[in-house]
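Peer 1:
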Amino acid sequence: MKKNILLIVLAATLFVSCKNGDTRQKEGNENTTKPNILWIYLEDTAPLMGCYGEQLVATPNIDSLAMKGVLYTNVFMPAPVCSASRSSIITGMMATTIGAQNHHGSRTVESATYLPENIKTIPELFKEAGYFTFNNGKDDYNFIYDRKELYDQDYSYHPLYGKGGVRLDLATLTEKEPFFGQIQMYGGKEIFNSKFKENVTSPVDRSKIQLPPYLPNHPVIIEEYANHLDAIQITDEKVGEVMNKLKENDLLKNTIVFFFSDHGMRLTRNKQFLYDGGLQVPLIIADFRAADKQFKPGSVNDDLISGLDLGTSSLALASIPIPEYMEGRNMFNPSGTPREYVISTRDRCDFTIDRIRSVRSKEYKYIRNFMTDRPYSQPTYMDFDKIEFVGVMKQLYAEGKLNEVQRRFMSDERPSEELYDLKADPFELNNLAVNSEYSEILTKYRSILDQWIAQTGDKGQYGEDEAGLKFMLGIWGKECVNPEYDALRKKYPNFEGSLIYLKSESFTKVDPNFKGTPLFDVSANQVVNIKLGR
Numbered sequence: 001m002k003k004n005i006l007l008i009v010l011a012a013t014l015f016v017s018c019k020n021g022d023t024r025q026k027e028g029n030e031n032t033t034k035p036n037i038l039w040i041y042l043e044d045t046a047p048l049m050g051c052y053g054e055q056l057v058a059t060p061n062i063d064s065l066a067m068k069g070v071l072y073t074n075v076f077m078p079a080p081v082c083s084a085s086r087s088s089i090i091t092g093m094m095a096t097t098i099g100a101q102n103h104h105g106s107r108t109v110e111s112a113t114y115l116p117e118n119i120k121t122i123p124e125l126f127k128e129a130g131y132f133t134f135n136n137g138k139d140d141y142n143f144i145y146d147r148k149e150l151y152d153q154d155y156s157y158h159p160l161y162g163k164g165g166v167r168l169d170l171a172t173l174t175e176k177e178p179f180f181g182q183i184q185m186y187g188g189k190e191i192f193n194s195k196f197k198e199n200v201t202s203p204v205d206r207s208k209i210q211l212p213p214y215l216p217n218h219p220v221i222i223e224e225y226a227n228h229l230d231a232i233q234i235t236d237e238k239v240g241e242v243m244n245k246l247k248e249n250d251l252l253k254n255t256i257v258f259f260f261s262d263h264g265m266r267l268t269r270n271k272q273f274l275y276d277g278g279l280q281v282p283l284i285i286a287d288f289r290a291a292d293k294q295f296k297p298g299s300v301n302d303d304l305i306s307g308l309d310l311g312t313s314s315l316a317l318a319s320i321p322i323p324e325y326m327e328g329r330n331m332f333n334p335s336g337t338p339r340e341y342v343i344s345t346r347d348r349c350d351f352t353i354d355r356i357r358s359v360r361s362k363e364y365k366y367i368r369n370f371m372t373d374r375p376y377s378q379p380t381y382m383d384f385d386k387i388e389f390v391g392v393m394k395q396l397y398a399e400g401k402l403n404e405v406q407r408r409f410m411s412d413e414r415p416s417e418e419l420y421d422l423k424a425d426p427f428e429l430n431n432l433a434v435n436s437e438y439s440e441i442l443t444k445y446r447s448i449l450d451q452w453i454a455q456t457g458d459k460g461q462y463g464e465d466e467a468g469l470k471f472m473l474g475i476w477g478k479e480c481v482n483p484e485y486d487a488l489r490k491k492y493p494n495f496e497g498s499l500i501y502l503k504s505e506s507f508t509k510v511d512p513n514f515k516g517t518p519l520f521d522v523s524a525n526q527v528v529n530i531k532l533g534r
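Using full-length UniProt numbering, you'd call the opening residue of the sequence shown number 1 and step up by one each time.
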């Protein structure tokens, strides 16, 4: 793995930048023809494509997209897990601001989180502007919403995993322009496909894999990493299919395509954690319109971008005013100031309770661990699923076969603060928080986080309510080892694991005439209909 990426796409000009929030009503493209906006939206995918300098993969379609648009090299998500990140992206607001920070939260009547009346999601604003909207695949939002207010398509529902759009044939979009659409792709989760190995036409050469230094050179770890690269190659083929479909139906000529992932790859210290491996994602934006292009084709941008900026920037491209309450910026505002730092957060993921915050600039990463009583490697869903590389890491640690860097993450010790010099230490290995020479920098970043928590009212500081934790106890049972669950076990002695059957439930298509939104009622042990209204 090459952390110092050698980009295939070279450009002398860094073409676009972020904005401040004081000129929002004037933002956007003044073009009279409304552009189509299409998000190709991946899961769990690192920026390890050919255009990002990864030489072991063949990604001709993604590379071609980069050559036709802008490739962004400093894009970091607001959270390292699907639902919290997706809740942020679709609202343009930090999940911690709207109370959507806990993974698979707000999935029951008892634990429901509602957005304030004045807050509208990105697709709602597109609909109000006359756009046809759709999302082919999962939503995974941690708040209650009437999907018909967001998307013009049928959908399916699952009591734990939420709602997802029934796949819309892209050929039908010829009569639905302008459109704002999302095409969900499995990305790194292609590895879960039962035919994954068969789908890989040219597996990467395992003998040439170079792991980051925080991972041991073990066959199982190498295979996990290689599988991720192979999943990217499968994804590339699917990207090609989408682009061809758009061309065949004469849809591309008025379309701006975004290509990105919800967070980083699944591996130790990556997914669910606030190191770059869990937060950094690919982002390519290509404008296929003949006129009024926003970007220079084949250019590279190294501005700091937050995942919050994707929705707000999409609104700007469509000349839709960005609401003042949104925390995302318009990355295309030529008079704006690029971000100095990106804030990211991690809270409860599945049954694992934690609270971590980070501040990342181009130079430094500051991490604050609020729950130092529990180790980094406390049990997670990967232990429940018996993911092989997780077991190998724990075995190697127990046998004393990890080096100092690798051992640190597996130990019971966890510092309250971490500080990394990203220029000298791109893999975030040497914690400078204990180095007195960096005390001024530590104080600066500590202050930035404190101010952000106070200004945004970070809801993670208050802990999760009983209803949300009770649902997790019902779903995950004995896997819930954090002390917060102990009181619930005493209060509800027969509840532990009683809802585990929900994990294996199938998605059910919702009747198009259905009014309201389906939601699981824990007390009734069934899905009920919730009436909503703005």
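From the three backbone atoms N, C-alpha and C, an ideal C-beta is built for every residue, glycine too.
1. With 16 as the cutoff for other CB atoms within 10 Å, does Arg167 come out buried or exposed?
2. Beta-carbon separation of Asn102 and Ala84 under 9 angstroms?
3. Are Ile441 and Leu473 touching if we call contact CB-CB under 9 angstroms?
4. Here's the rule I'm using: 16 or more other beta-carbon atoms within 10 Å means buried, otherwise exposed. How should Thr337 be labelled?
5. In terms of alpha-carbon separation, which member of Arg147, Thr174 and Gln294 lies closest to Ser313?
6. Let me know the secondary structure DSSP gives Pro518 once reduced to three states.
7. Leaving out five residues on either side along the sequence, give the residues of the same chain with a beta carbon under 8 angstroms from the beta carbon of Val405.
8. How do the stretch 460 to 471 and the stretch 386 to 406 stand: do at least 3 beta-carbon pairs fall below 8 angstroms, yes or no?
9. Does the stretch 272 to 279 come close enough to the stretch 221 to 236 that 3 or more CB-CB pairs lie under 8 angstroms?
10. Measure the alpha-carbon distance for Glu110 versus Leu519 and round it to whole angstroms.
11. In terms of residues, what are the limits of the beta strand (DSSP E) holding Leu283?
12. What is the rounded straight-line gap between the Cα of Gln210 and the Cα of Asn403?
13. Which value, in whole angstroms, describes the spacing of the CA atoms of Asp302 and Ala433?
14. Of the choices Pro78, Glu54 and Tyr52, whose alpha-carbon is the least far from that of Ser306?
15. Just to confirm, is the Cβ distance from Asp44 to Ser261 under 9 angstroms?
16. Starting from Val300 and walking both ways along the beta strand (DSSP E), at which residues does that stretch end?
17. By DSSP, does His228 sit in helix, in strand, or in coil?
18. Would the stretch 148 to 155 and the stretch 487 to 504 be scored as touching if the rule is three or more Cβ pairs under 8 angstroms?
19. Give the secondary structure of Arg368 by DSSP, where H, G and I count as helix, E and B as strand, and everything else as coil.
20. If you follow the alpha helix (DSSP H) that Ile122 is part of, which residue opens it and which one closes it?
21. Which ranges does the alpha helix (DSSP H) cover as unbroken runs of at least 4 residues, wholly within the stretch 286 to 357, from first to last along the chain?
22. Given Gly497, which residues of its chain have a CB within under 6 angstroms of its CB, disregarding the five upstream and five downstream residues?
23. Could you tell me how far apart the beta carbons of Leu38 and Gly181 are, in whole angstroms, since I believe they sit closer than 8 angstroms?
24. Under a Cβ-count criterion, where at least 16 other Cβ atoms within 10 Å of its own Cβ denotes burial, should Gly457 be classed as buried or exposed?
25. Between Ile144, Cys82 and Thr443, which lies nearest to Val359 when the distance is taken from Cα to Cα?
26. I'd like to know whether the C-beta atoms of Phe179 and Thr133 end up nearer to each other than 9 angstroms.
27. Quick one: what's got a C-beta closer than 7 angstroms to Glu30's C-beta in the same chain, skipping five residues either side?
28. Measure the alpha-carbon distance for Ala171 versus Glu198 and round it to whole angstroms.
29. In chain order, what residues of the same chain lie with their CB nearer than 7 angstroms to the CB of Asn244, ignoring the 5 residues before and after it?
30. Can you tell me whether Phe273 is helix, strand or coil according to DSSP?
31. Would you mind working out which of Ile122, Asp250 and Ile285 sits nearest Val257, comparing C-alpha positions?
32. State the CB to CB distance for the pair Leu115 and Leu315, rounded to an integer number of angstroms; the pair is presumed to be in contact (CB under 8 angstroms).
33. Distance check for Asp250 and Thr59, CA to CA, integer angstroms please.
34. Within the same chain, show all residues whose beta-carbon is closer than 7 angstroms to that of Val281, passing over the 5 residues directly before and after it, in chain order.
35. What number of angstroms, rounded off, separates the C-alpha of Leu65 from the C-alpha of Asn494?
36. Going by beta-carbon coordinates alone, are Leu304 and Val342 separated by less than 9 angstroms?
Peer 2: Concretely, from the data shown:
1. exposed
2. yes
3. no
4. exposed
5. Gln294
6. strand
7. Pro213, Tyr214 and Leu429
8. no
9. no
10. 10 angstroms
11. Leu283 to Asp287
12. 16 angstroms
13. 26 angstroms
14. Pro78
15. yes
16. Ser299 to Asn301
17. helix
18. no
19. strand
20. Ile122 to Glu128
21. 309 to 317
22. Gly477
23. 5 angstroms
24. exposed
25. Thr443
26. yes
27. Confidence at Glu30 is low in this model, with a pLDDT of 45, below 50, so the placement of that residue should be treated as unreliable; the coordinate-derived value is given next. The answer, listed in chain order, is Ser319.
28. 28 angstroms
29. none
30. coil
31. Ile285
32. The Cβ separation is near 17 angstroms, so there is no contact.
33. 24 angstroms
34. Thr45, Pro47, Val75, Met77, Phe260, Ser261, His263 and Gly264
35. 54 angstroms
36. yes
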